[in-house]
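Single-structure report; data block below.
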Amino acid sequence: MIKTVPTTPYMDQRPGTSGLRKKVPEFQQPNYVQNFIQSIFDSLEGYKGKTLVIGGDGRYFNPEAIQIIVKMAAANGFGKLIIGKDGICSTPAVSNLIRKKKTFGGIILSASHNPGGPKEDFGIKYNIGNGGPAPEKITEAIFARSKGIDRYRIEDFPDIDLGKIAAIERGGMAIEIIDPVKDYAELMEELFDFDAIRKLFKSGFRMVFDSMHAVTGPYGKEILENRLGAPEGTARNFRPLPDFGGHHPDPNLVHAKHLYDLVMSDKSPDFAAASDGDGDRNLILGRGIFITPSDSLAMLSANAHLAPGYKGGLKGIARSMPTSAASDRVAAKLGIGSYETPTGWKFFGNLLDAGMATICGEESAGTGSNHVREKDGLWAVLLWLNILAVRGLSVREVAEDHWKTYGRNYYTRHDYEAVKSDAAHKLMSELTAKLSSLPGQSFGKDKVEKADDFAYHDPVDHSVSEHQGIRIFFEGGSRIVFRLSGTGTEGATIRVYIERYEADPARLDLDTQKALADLIAAAGKIAGIKAHTGRDRPSVIT
Ligand code: G16
């Protein structure tokens with residue numbers, strides 16, 4: 016029976032860079048989830064009788080949220096739901112299901128790389144029919160609706176069993192509980208040369224894939240060990256846990272330091288990789304080397320034609336603004352388009368749909384292609400494996416060859432996390448106020464050429480997104496970018512992105528932090544980081 020339940024609005028349900036992310040206790044407030052879900056449904060048109068995909072990364076509160084969404088979807092008139100068994104489905108796999116099954120859209124329950132547990136993070140994101148995150152037009156409509164919501168609709172049937180693959184019916188709505196790995200694994204088999212990768216493993220090549228107790232566990236196990244013949248033990252921490260084993264499921268040099276230490280030791284495998292909470296980010300390491308996400312984007316783009324799915328070449332390469340310009344050099348050499356978008360995967364959707372870009376990537380450890388409309392951690396790992404298998408080179412050799420050809424964009428990101436929100440906003444507004452006075456000023460040997468507040472003009476739908484980060488360009492191609500994170504759940508996070516281009520063959524193998532030391536100091540000085548935040552050093556360096 017459908018119930019219409021009166022409710023009162025919460026004023027803080029504005030989706031950020033990637034959906035609504037909050038602490039679990041906030042989501043557990045009375046009707047908090049219901050209000051947001053009803054606001055999503057009220058902002059959509061034409062979904063009656065259509066299909067919705069639901070998937071989550073297995074974190075704490077996933078099952079509870081799914082049961083609510085199932086009952087609300089039925090009451091609001093969806094015709095069918097497709098749900099991953101145990102409520103599990105990686106973000107790229109949800110994107111694939113939306114596209115493959117031609118569904119109306121999908122809901123992803125995840126706070127990505129943020130920790131999980133009763134006091135940790137949770138998130139809800141809506142994806143549209145192209146498989147990608149809802150564009151700002153829709154997320155802003157959802158937010159506007161959430162501020163005025165006064166009722167929601169829900170069925171009152173008992174909870175469904177998420178643990179069994181089955182096709183059932185509830186409240187006049189069909190529900191399919193499916194194996195979340197199968198369709199995704201099939202797509203990977205179409206894109207990559209599985210025979211070549213199988214041969215590589217047969218020849219003794221060894222890798223470690225760490226799922227960090229998050230959603231890619233079952234995917235890594237099935238694809239790497241079962242389908243590609245990698246030895247048992249290649250997939251590590253492969254059982255998804257509601258609290259990710261108490262760790263941050265963030266594949267970076269801080270939270271996956273054990274992997275970095277492994278590749279720097281004499282026990283290093285040939286290749287090591289990790290993915291995050293919901294399976295869309297990646298970490299790429301080889302014996303004795305960490306590949307920055309910006310470099311990985313450039314190297315994957317330069318070699319993608321070696322994989323069957325990209326043998327016809329690329330249409331274009333898109334990167335988020337703070338991502339290094341390494342991939343622009345590849346695009347220039349290939350004679351294809353290169354695009355610079357604001358942070359947030361949703362900005363790539365139009366370029367991919369219009370066939371203008373084939374591969375996209377972000378400094379925040381996300382890479383992907385037109386195969387889905389989300390970044391895809393395991394995809395990046397498999398493309399690396401495909402390239403290593405075909406070229407017969409080590410990860411380091413691929414990187415060194417790339418730098419020799421294109422030069423090297425030394426790159427680092429310094430994060431100041433959980434800064435008081437007022438202080439962070441003051442730092443940004445003071446910085447914005449001084450933009451016009453910066454050109455011509457020198458910091459050490461670096462002279463500012465221009466400085467601006469990045470605004471994106473979407474070449475497809477002509478929408479404009481302003482205030483997407485402060486950019487300071489120096490003569491010679493170096494750059495510092497400042498922006499506030501849109502994914503944090505505590506105070507504000509200031510991100511400082513620092514980049515220097517080096518073409519001198521004798522200077523291609525420097526320590527990154529040392530190579531960037533002057534610019535790092537300049538960033539602190541220009542923005543007055545210490546004065547505003549009281550911090551001597553960043554919380555995280557990647
Ligand atoms: C999300 C977005 C990414 C973005 C990242 C970092 O990733 O999907 O496009 O680059 O957040 O955003 P910010 O710098 O604003 O924190 P994920 O993996 O968290 O969904």
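Take any residue in the sequence shown, note its place counting from 1, add 15, and you have its number in the working numbering. Each residue gets a CB set at the ideal place from its N, CA and C atoms; glycine is no exception. On a predicted model such as this, the values are computed, not experimentally measured, just so you know.
C-beta contact flag for residue i and residue j at 7 Å
i      : j      : result
Asp291 : Asp265 : yes
Asn12  : Ala395 : An answer regarding residue 12 cannot be provided, because it is not within the stretch 16 to 557 covered by the chain.
Arg486 : Val479 : no
Gly294 : Thr231 : yes
Gly73  : Pro308 : no
Thr249 : Phe220 : no
Gly186 : Glu170 : yes
Ala126 : Gly144 : no
Gly34  : Lys140 : yes
Pro148 : Asn142 : yes
Met371 : Gly328 : no
Thr548 : Ala438 : yes
Ala89  : Arg168 : no
Lys13  : Pro454 : In the structure displayed, the chain extends from 16 to 557; residue 13 sits before or after that span and is not available.
Ile175 : Val85  : yes
Asn111 : Tyr199 : yes
Leu277 : Ala289 : no
Gly146 : Arg423 : no
Ile299 : Trp399 : yes
Asp136 : Thr504 : yes
Met222 : Pro284 : yes
His472 : Met314 : no
Glu432 : Thr338 : no
Tyr354 : Ala341 : no
Arg166 : Pro21  : yes
Val39  : Ala80  : no
Val475 : Asn365 : yes
Leu397 : Phe216 : no
Arg1   : Tyr421 : Because the chain is modelled from 16 through 557, residue 1 falls outside the range shown and cannot be assessed.
Phe458 : Ala537 : yes
According to DSSP, residues forming a beta bridge with residue i
i      : result
Phe286 : Met222 and Gly301
Ser384 : Ile374
Ser127 : In DSSP, Ser127 forms no bridge with anything.
Leu35  : Ile139
Ala250 : Phe224
Val396 : Per DSSP, none; premise fails for Val396.
Pro40  : Paired residues: none, contrary to the question.
Thr420 : Paired residue(s): none; Thr420 is not in a bridge.
Ser339 : Answer is none; Ser339 lacks a bridge partner.
Lys465 : Phe488
Asp430 : Arg510 and Val555
Glu151 : DSSP, once it has assigned bridges, lists no residue as partnering Glu151.
The ligand G16 heavy atom lying under 6 Å from the CB of residue i
i      : result
Glu355 : no
Glu377 : yes
Asp210 : no
Ser33  : yes
Asp295 : yes
Thr118 : no
Gly359 : yes
Thr502 : yes
Ser127 : yes
Any non-hydrogen atom of the ligand SAM closer than 6 Å to residue i Cβ
i      : result
Ser110 : Questions concerning the ligand SAM fall outside what the structure shown contains, since the ligands it does hold are the ligand G16.
Just checking, does the stretch 198 to 215 make contact with the stretch 393 to 404 on the three C-beta pairs under 8 Å criterion?
yes
Just checking, does the stretch 420 to 433 make contact with the stretch 230 to 241 on the three C-beta pairs under 8 Å criterion?
When C-beta atoms of the stretch 420 to 433 are compared with those of the stretch 230 to 241, fewer than three pairs fall below 8 Å, so the two segments do not count as touching.
Below 8 Å, how does it come out for the stretch 103 to 120 and the stretch 54 to 73: are there three or more Cβ pairs, yes or no?
yes
Are there three or more Cβ pairs, one per stretch, closer than 8 Å when the stretch 92 to 100 is compared with the stretch 377 to 393?
no
Can we say the stretch 179 to 194 touches the stretch 53 to 62, given the rule of at least three CB pairs closer than 8 Å?
no
Are the stretch 313 to 324 and the stretch 490 to 504 touching, with three or more C-beta to C-beta distances below 8 Å?
Put simply, the stretch 313 to 324 does not touch the stretch 490 to 504. Fewer than three CB pairs are less than 8 Å apart.
Given 8 Å, three or more beta-carbon pairs between the stretch 113 to 128 and the stretch 16 to 30:
no
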